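Structure record follows, encoded as C-alpha cells.
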C-alpha cells in the first residue's frame, strides 16, 4: 500500500481507510524510519497502522495493521520500546487512555490483535494526551484531561499502571495538550484556553502531589488559544507554541514576557508545531489551511534581533518560511519528525492521508 | 656668384686651418672640421704619405685627371707660398714696434727716485710732531674725564634726591608711566644705599609709589577707564612688582560670574527668537530682549578683549570662558528644542548664538570657537531634525488615538472614517509642513549653515527615511501586532491585543496604503525637486513603499485575525458549553448565530467606513428573502436525502461519497489573498469563521439532536451570509463542509425534516424582525 503523490510534490503518500488525526514517530526503532498512525472513525472499526519507510526512502510500506477498539484522539510511541505505544480514545460519550503492545510475530498472524499493556482507567475525564518520559528508559507517563494532570508509573512486565500523583488545575482552566521538557524532566508545559501552564513534577519525588510551579520560573504564559506546544530539544528554555489566529511564537522561558520570535503561521489556525530533533531552529507547523510549513527560526536571529536594521529583519522574516507543503486536501492535524532520519517528517491530514516528505531540498546552509 | 663663393671659402678655410696647425704643434688640438677624413688621401692630414698618395692617384686616375690635378696643385703651392710671405712680413712689423715701446719706457722711469726720498722724509717729521702734542695734552684729558664722572654721579644723587618730588609731580599729572620709569631707574641705587645715605629719600619715594600703585589699581578695576589705560596700568603694576595674578583672578572671576547673565534661558528662548526675527524686519524695534542680549555679549567680549591685552598670560582662561559660554549656549539650545520649536524660532536662536560666537571669535580667534560651535551646531541641528520628526510622529499618533473608538457608536457612526481622514491629513500635511520647515533651514545663509547644507540635506533625507520606518513600526505597535518591549519597556505592554479596537487596526492598514501611495511619492517628489544636486541617497522611496505595502497587508491581515479571533471566542463558547452527545431536540435557531452575524455586520460597517468598494459587485438577487430560503432548504433536502441513505448503508461509503463529491466539485479556493476592498475583507472574514466553525464541529461528537441543531443553525446562516459576501460558491461550500463535518461526527445522522427546518427558520426570522422593529421603535422614540 504505497503510492507516490501526483504533481510536483516529492512526498510519498499513504492512505488510511478513515479520517485520522494522530501520527507518531517510532523513536525506539533504530533500524527503520517508521511511524504509527491511528484512525478517527466514530462508527467503524478503527485501526493503527505501522508504517515503515523503505531503506531507499522511496516507498512507504505498511508493516502492520492492528484494529483498535475506539477512535483515536492521541497516539504516542514509547521512546524506549518500539512495540509499545499509548492512545487516547473516545467512545463518543467518554474518553479513555491505554498503553498497547504490538504482538511480536504480528507479520505471521492473520489478524494480529494489539495487547493491552495497561489501561489508564483511574483517569476519568476528557483526556487529551499521554506524554512519555522525554528520553531514556523510564516508566513514567503523564496523562492530561481538561483540568487534571496524572503522573503514572508503568510496569510493562506486570501489565499495570499506577497513579503516582495527580493534581488539578482547577475548573477555570481547560487544558488541551502538553509537552514534557527534554532538558528538565521535572517540567511539563500544558496548553490551556488562555495560557500555557508550567507544571513542576519535582515535588512528586517527595510523594507530594504534582504542583503548579509558582516561584523561580514563569508558571504561565498568557496567550489565547494555544493549540500546540513543543520544547526545542536542542536548546534549553526555548519553547514554541502554535496559536489559532496568531501563528507561531518562539519563547525563551527565562524572559517569557514577550516572545523572542514570531512566525506568521497559517492562513487559518496553526494546529501543531514540532521542533526538529536534530537541527536547531528547524520548525514544522501544520494548519487547518491544508498546509504544512517548514520554518527556520535560527538561534542567532532569536538572540540578536534588536541590533539588526529593519531591512535585514524584513528580509529575514521572509526567509523564515523555507517551504510550504500545500498538497493536502484537508486540515493537517498529525505531524511528526523522524528521529532516525531527522530530515524526514510525516504528516497526516484529516482525510486519512499520510505524506512523508524530506526537507533536505529546502534546508538553508546550516 | 654663390656657386663660386663656396669653393673660395673652402679654400680660405683650408688655408686658415693649415696656418693654425702650423702654429699649434699638437695635431690633436686642430679643429675637428679639418680632420673629417684622416685617410691617406688627405693631403693636409698629419699621416699623409706622399708615395702612397701618388700610387693611388696613378692607379685611380687617367692622364687628364692627373694633369688637371697637377695644375691644381701647382697653383695651390704657389698660393701657399705667397701667403707665407705675407705672414712673415706682418710679424716682422709687429716686432719692430714692440722694440720701440720698450725703449721709450726706459727713458720715462729715469727721474722718479729723488721724489720718493723727499716724501719719506716729510712723513717722518709729521709723526714726531704728533707725538709731541699727545704727550703735552695727556694730563688735561685725564682730569676732564674724572670731572665728567663726578658730574654724572652728582647728577644721579640729585635725581635720587629729587625723586619724591618728581614722583609727586607725576602723580599730579597722572604720568604714571614716567613715575614708574624714574622709580625703577632709581631702584638699584636705592637698594644699595637706601638704608644709609638716602633713607629719607627712599621712604618718601616709596610713599609716593604706594600712592601710584593704589591709583593704578583703581584705574585697573574701574570700568570707565579705557582698555588701553587699564592695560597700561596693569603693565606698570607689573613693572612695580605688584602681584597682578591675584588681581587677575579677581577680575576673571567677576567675568565668569557675568556668564550666567548671558545664557539663553530655554524657557524664554522663544521670546528671544521672536524678537530677533521681528527686529530683523524693523530696525526701529531695537530694545527687544535680543538686543539686550546682544549688548551684554558685546560687553562680555569687550571685557575679554581688555583682559586679554591686560593679562596676556590669561588667554587660556579666557578661551575656557568663551568656550564655556558657547557650550552652554548649545546646551540650552538642546533643552529649548526638546519642546516643540518651529524652524523659524530655531533659526532665531541659532542666529543669536552665532552672532555671539562671531563676537567672541573676533576677540579670541585662537579659541577656535567657530570650530567648537560648528561641531555643536551639527549636533544640535541633527537633533532638531530628529526631534521635529519625532514630534510629527507624536502628532500622528495623537490624531489616531484622539478619538475614543471604543465607544459603541464607532461601528454605526463615521468615527473610523473621521479618524482615517484626520490621521491621513496629519501624515500628508505634517510631512509637507516639516519639509517646508527644513527648507527654511536650508535657505538660511548664516555662515555656519551654509557649510552644513550638504550634511543637512543628508539628515533630512535620512530623517524622512527613519521617520517612515519608525512610523511603520509604531503602527505595528499601535495595532498590537508587535510589542514595543524593545523601545519602551512596560509602556504599551499592558495594552494587550484584545484591548486594541479592531477598527483602529483597520484605520492603520488603510493609512499605510495612503502613506505608500500618496505621502511617500509626494515627499520623494519634493526631495528630488529640492535636492536634485545632492548625491545623498539616504531617502529610498521604493524601499519605504515596499515597507508600507507590507505593513498594510500585515495590518489588514491582523484586522481580520483580530475580528475572527473575536468570532472564534463566540464559537468556542458555543461548542464547549453543551454536551453534544446528550443534546436535546432543536427548538429554535441558537442565539450564537445572532452574535456571529452581529460581529460580521460590525466588520461590514467598519470596512465600509475605511475601505473602497471592489470593482466586482455581485448582482443583488431580485427575489425575496423568503423564496430564497426555500430554494436553499430544497437543496439541503437533497443533501439530507443523500445522508439519510448513506446512514442506512455503511458509513464508510458515505465518507467515500463525500470524498468523491469533493473530487468532482470544483476545488473552491477558500484562502484567497485579501484585497483592500470592503468585499474582500468581509468575504475573507466569513470564510475564516466558517472554517473555524467546521474545525470546532470536528472536535465534538453529536447525537442526532446535536446534529440537527447544527443543521438548523447552518441553514439559517446561509441566506444572510450570502447577502454579505461576494464569493457565494465558497460560502456554500464551507457551509456544506460544516454539515458534512457534523454528520461525520454524529452517532446517528437523521436530518431534520425540511418542513420543520423551514418552520423553525421562519420563526427565527419573525423573531429577529420583531426585535429589529422594537429596536427601531426605541431609537425613533428616543
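Chains as they are written, first to last, in this note's numbering: chain A, 212 to 577; chain B, 40 to 821.
In this text, a Cβ means the ideal position worked out from N, Cα and C, and glycines have one as well.
These figures come from a predicted structure and were not determined experimentally.
DSSP beta-bridge partners for residue i?
i: residue 226(A); result: 564(A)
i: residue 507(A); result: 493(A)
i: residue 751(B); result: Residue 751(B) is not bridged to any residue.
i: residue 442(A); result: 450(A)
i: residue 260(A); result: 248(A), 276(A)
i: residue 355(A); result: 340(A), 360(A)
i: residue 789(B); result: DSSP lists no partner for residue 789(B).
i: residue 312(A); result: 295(A), 326(A)
Nearest by alpha-carbon distance to residue i: which of the options is it?
i: residue 393(A); options: 344(A), 358(A), 482(A), 357(A); result: 344(A)
i: residue 643(B); options: 629(B), 598(B), 623(B); result: 598(B)
i: residue 490(A); options: 549(A), 473(A), 481(A), 253(A); result: 549(A)
i: residue 545(B); options: 577(B), 460(B), 483(B); result: 460(B)
i: residue 276(B); options: 289(B), 248(B), 145(B), 165(B); result: 248(B)
i: residue 348(A); options: 313(A), 477(A), 461(A), 290(A); result: 290(A)
i: residue 614(B); options: 629(B), 373(B), 600(B); result: 629(B)
i: residue 342(B); options: 373(B), 261(B), 371(B); result: 261(B)
i: residue 513(B); options: 501(B), 590(B), 455(B); result: 590(B)
i: residue 268(A); options: 575(A), 258(A), 274(A), 243(A); result: 243(A)
i: residue 388(A); options: 371(A), 359(A), 397(A); result: 359(A)
i: residue 578(B); options: 496(B), 252(B), 813(B); result: 496(B)
i: residue 555(A); options: 451(A), 270(A), 455(A); result: 270(A)
Between the alpha carbons of residue i and residue j, how many angstroms are there, rounded?
i: residue 484(A); j: residue 380(A); result: 24 Å
i: residue 398(B); j: residue 517(B); result: 50 Å
i: residue 316(A); j: residue 262(A); result: 16 Å
i: residue 75(B); j: residue 87(B); result: Note that residue 75(B) scores 45 on pLDDT, short of 50, meaning its location in the model is unreliable; the coordinates nonetheless yield the value given after this. Taking the straight line from one Cα to the other gives about 14 Å.
i: residue 402(B); j: residue 564(B); result: 46 Å
i: residue 299(B); j: residue 481(B); result: 32 Å
i: residue 739(B); j: residue 363(A); result: 27 Å
i: residue 572(A); j: residue 606(B); result: 39 Å
i: residue 207(B); j: residue 357(B); result: 37 Å
i: residue 602(B); j: residue 384(B); result: 47 Å
i: residue 107(B); j: residue 98(B); result: 15 Å
i: residue 376(A); j: residue 506(B); result: 58 Å
i: residue 565(A); j: residue 558(B); result: 51 Å
i: residue 219(B); j: residue 279(B); result: 7 Å
Using beta-carbon positions only, say whether residue i and residue j come within less than 8 Å of one another.
i: residue 328(A); j: residue 288(A); result: no
i: residue 439(A); j: residue 231(A); result: no
i: residue 302(A); j: residue 311(A); result: no
i: residue 223(A); j: residue 567(A); result: yes
i: residue 508(A); j: residue 492(A); result: yes
i: residue 308(A); j: residue 334(A); result: yes
i: residue 255(B); j: residue 241(B); result: no
i: residue 389(B); j: residue 485(B); result: yes
The beta strand (DSSP E) spanning residue i covers which residue range?
i: residue 496(A); result: 493-498
i: residue 498(B); result: No beta strand (DSSP E) contains residue 498(B), which is instead part of the alpha helix (DSSP H) from 486-517.
i: residue 594(B); result: Counting along the chain, residue 594(B) falls outside any beta strand (DSSP E), though it belongs to the alpha helix (DSSP H) covering 580-615.
i: residue 407(A); result: 406-411
i: residue 391(A); result: 388-391
i: residue 544(A); result: 543-548
i: residue 501(A); result: Careful: residue 501(A) lies outside any beta strand (DSSP E) and carries neither H nor E.
i: residue 288(A); result: 282-288
With residue i as the anchor, note down where its alpha helix (DSSP H) starts and where it stops.
i: residue 534(A); result: Counting along the chain, residue 534(A) falls outside any alpha helix (DSSP H), though it belongs to the beta strand (DSSP E) covering 532-536.
i: residue 421(B); result: 408-441
i: residue 709(B); result: No alpha helix (DSSP H) contains residue 709(B), which DSSP labels as neither H nor E.
i: residue 548(B); result: 541-553
i: residue 209(B); result: 152-212
i: residue 471(B); result: 454-482
Less than 7 Å between the CB of residue i and some heavy atom of the ligand NAD, yes or no?
i: residue 385(A); result: Ligands displayed in this structure: none; no statement on the ligand NAD is therefore possible.
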